[in-house]
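This report refers to the structure that appears directly beneath it.
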Amino acid sequence: MGKLTPRGAALYLLTQILGEGRLLSELLGQGALDRLEPADRARAQRLTLEVLRNLERADRVLKKHLRKAPPLRVQNILRIGAMELCTGGDAHGVVNEAVALTAANKRTLGLKGLVNAVLRKVAGEGEAEWAKLRTPRLPRGLRDPLVMGYGAEAVAAMEQVHLNGAPLDLSAKGDAAQLAEAVGGALLPTGSVRLENAGQVSALPGYEAGDWWVQDAAAALPAKILNVKAGETVLDMCAAPGGKTMQMAAAGAKVTALDLSEARLARVTENLARTGLSAEIVAGDALEHQGSYDAVLLDAPCSATGTIRRHPDLPLAKDGSEFGALIDLQVQMIDHAMSLVKPGGRLVFCTCSLLPDEGECQVEEALERNPEWQVDRESLNLPGIEAGWVTEEGGLRLRPDYWGDQGGMDGFYMACLKRKA
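Residue 513 in this note's numbering sits at position 242 of the sequence shown, and the numbers go up by one each step.
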């Protein structure tokens, strides 16, 4: 096994994602980049993300130089090369390593001449051509229902935000304005702190002291609208990686952090230890959990279509065939969550999805099935929440293109429901 390079690692990741339907987070969690030094690891991940975001553009630039599509490994070598060459990469280094990667596998060795010829042509004219190409579009199977729900203009704005990628958002354990000053970030209207070029997260001021945790500004809102009080008993029903657990623990609530995955709960435990916060950690099936709580937060498993600006592999690795099963699971989970809330208590249901079937429709149907519950519209009266984000049934619909000129936000749906006393 030769020395692994950032481009070689990116090639492996792309081939797993586009060929095997695996998710980048899963691959990284299994140590795909562990052989690399931290700087090379970051470069490999950055290359992978940029190719995924620009896949449509890379394929358009390459298409006119290819009579037929080569094997996936070679296709991905060409995609990496095209993306780098069209965005200012050094032609000599890019082409040489692309040829070396092609020659390193006996199944593709015979195509090194093709790779060399194609990328030399791209090096000559690709950059000018790249600049004329449209913003890459979502796959039609996802794009069409989004256009139906939000309109073509809104979806085009989302796609532009997806292409730009995501800045880093932090939630403060204490004063958010002080945190913004300490890390050199911007204080967002809802109280999160945003950094455009964060660099190494663990090197930021306050990391070791546990003054903050990483959490998208949209993901911080469910716990804010639940608005737990000191001493309240609260269940975070799908808790990992723990951002919402920490928000509620910082407010003084007695939090039970429940998750099916012990490995994911280990991250919650680590985050709690770093921030000096406490919660009861429980590994188990949310549908089998029993108890009685003042409030429950259910961030339900979903399509994650609201997180594509951060995870461009999602629409490419998954074809949407599992969405129906997720929607059925959400129905079961919201009804079970309601059974765990004391009379007069509250439930926040949320999903990081752009699909109304995983948001607005779930809440409307849950209220029809459970007449002792109603929407708590007052919970949305918080700093930074804009009137246009509030939906007809009293929930909150967030989209990636909101705050688009500041880096956008994750797509989310959330609603606070109250049980009659």
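Yeah, the Cβ is synthetic: ideal placement off N, Cα and C, and Gly gets one too.
Element boundaries [beta strand (DSSP E), containing residue i]
{"i": "valine 526", "result": "525 to 530"}
{"i": "serine 442", "result": "439 to 443"}
{"i": "lysine 613", "result": "612 to 622"}
{"i": "leucine 284", "result": "Premise fails: leucine 284 lies in the alpha helix (DSSP H), 277 to 291, not in any beta strand (DSSP E)."}
{"i": "leucine 669", "result": "667 to 669"}
{"i": "glutamine 699", "result": "Given a span of 272 to 692 for the chain in the structure shown, any question on residue 699 remains unanswerable."}
{"i": "leucine 587", "result": "Element bounds for leucine 587: not the beta strand (DSSP E) but the alpha helix (DSSP H), 585 to 588."}
{"i": "aspartate 330", "result": "Not the beta strand (DSSP E): aspartate 330 falls in the alpha helix (DSSP H), residues 326 to 334."}
Cβ pair residue i, residue j closer than 8 Å
{"i": "glycine 678", "j": "arginine 465", "result": "yes"}
{"i": "alanine 491", "j": "aspartate 530", "result": "no"}
{"i": "threonine 622", "j": "leucine 413", "result": "no"}
{"i": "isoleucine 598", "j": "leucine 569", "result": "no"}
{"i": "proline 583", "j": "leucine 289", "result": "no"}
{"i": "lysine 383", "j": "valine 365", "result": "no"}
{"i": "serine 549", "j": "tryptophan 484", "result": "no"}
{"i": "leucine 667", "j": "alanine 686", "result": "yes"}
{"i": "glutamine 316", "j": "leucine 298", "result": "no"}
{"i": "arginine 328", "j": "valine 432", "result": "no"}
{"i": "leucine 587", "j": "leucine 326", "result": "yes"}
{"i": "methionine 519", "j": "alanine 494", "result": "yes"}
{"i": "leucine 318", "j": "isoleucine 351", "result": "yes"}
{"i": "valine 539", "j": "alanine 522", "result": "no"}
{"i": "proline 460", "j": "proline 654", "result": "yes"}
{"i": "threonine 373", "j": "valine 393", "result": "no"}
{"i": "leucine 307", "j": "proline 341", "result": "no"}
{"i": "methionine 508", "j": "leucine 543", "result": "no"}
{"i": "aspartate 440", "j": "aspartate 482", "result": "no"}
{"i": "glycine 436", "j": "leucine 320", "result": "yes"}
{"i": "alanine 566", "j": "valine 661", "result": "no"}
{"i": "glycine 665", "j": "valine 646", "result": "yes"}
{"i": "lysine 589", "j": "glycine 292", "result": "yes"}
{"i": "leucine 497", "j": "arginine 617", "result": "yes"}
{"i": "alanine 313", "j": "tyrosine 283", "result": "no"}
{"i": "alanine 447", "j": "glycine 462", "result": "yes"}
Neighbour-count burial assignment, residue i, 16 or more Cβ in a 10 Å radius
{"i": "aspartate 628", "result": "buried"}
{"i": "aspartate 268", "result": "Absent from the structure is residue 268, since the part of the chain shown begins at 272 and ends at 692."}
{"i": "histidine 363", "result": "exposed"}
{"i": "serine 624", "result": "buried"}
{"i": "methionine 272", "result": "In this predicted model, methionine 272 has a pLDDT of only 47, less than 50, meaning its place in the structure is not dependable; the value taken from the coordinates is given anyway. By the neighbour-count rule (16 or more Cβ atoms within 10 Å), methionine 272 is not buried but exposed."}
{"i": "aspartate 556", "result": "exposed"}
{"i": "serine 610", "result": "exposed"}
{"i": "lysine 691", "result": "exposed"}
{"i": "valine 332", "result": "buried"}
{"i": "valine 472", "result": "exposed"}
{"i": "arginine 338", "result": "exposed"}
{"i": "leucine 417", "result": "buried"}
{"i": "glutamine 633", "result": "buried"}
{"i": "glutamate 430", "result": "buried"}
{"i": "proline 572", "result": "buried"}
{"i": "alanine 614", "result": "Alanine is not the amino acid found at residue 614; the sequence shown has proline there. The residue is exposed, with fewer than 16 neighbouring Cβ atoms inside 10 Å."}
Under the three-state DSSP convention, the category residue i falls into
{"i": "isoleucine 598", "result": "helix"}
{"i": "aspartate 305", "result": "coil"}
{"i": "leucine 548", "result": "coil"}
{"i": "alanine 340", "result": "coil"}
{"i": "alanine 554", "result": "strand"}
{"i": "alanine 353", "result": "helix"}
{"i": "tyrosine 673", "result": "coil"}
{"i": "methionine 272", "result": "Confidence is the limiting factor: at methionine 272 the pLDDT is only 47, short of 50, which leaves the residue's position unreliable and the question unanswerable from this model."}
{"i": "leucine 568", "result": "strand"}
{"i": "leucine 380", "result": "helix"}
{"i": "leucine 651", "result": "helix"}
{"i": "leucine 466", "result": "strand"}
Where the alpha helix (DSSP H) through residue i begins and ends
{"i": "cysteine 687", "result": "Looking at the DSSP string, cysteine 687 is not in any alpha helix (DSSP H); the run it does join, the beta strand (DSSP E), is 683 to 690."}
{"i": "tryptophan 644", "result": "Looking at the DSSP string, tryptophan 644 is not in any alpha helix (DSSP H); the run it does join, the beta strand (DSSP E), is 644 to 646."}
{"i": "leucine 299", "result": "295 to 300"}
{"i": "valine 365", "result": "362 to 374"}
{"i": "valine 472", "result": "Per DSSP, valine 472 belongs to no alpha helix (DSSP H) and is neither H nor E."}
{"i": "glutamate 398", "result": "383 to 403"}
beta-carbon residue i near the ligand MG non-hydrogen atom, thresh 7 Å
{"i": "glycine 514", "result": "This structure does not include the ligand MG; it has no bound ligands of any sort."}
Which residue spans inside the stretch 476 to 545 form an unbroken alpha helix (DSSP H) run of at least 4?
492 to 497, 514 to 521
Pick out the complete beta strand (DSSP E) segments inside the stretch 416 to 464, 3 residues or longer, and give them in chain order.
439 to 443
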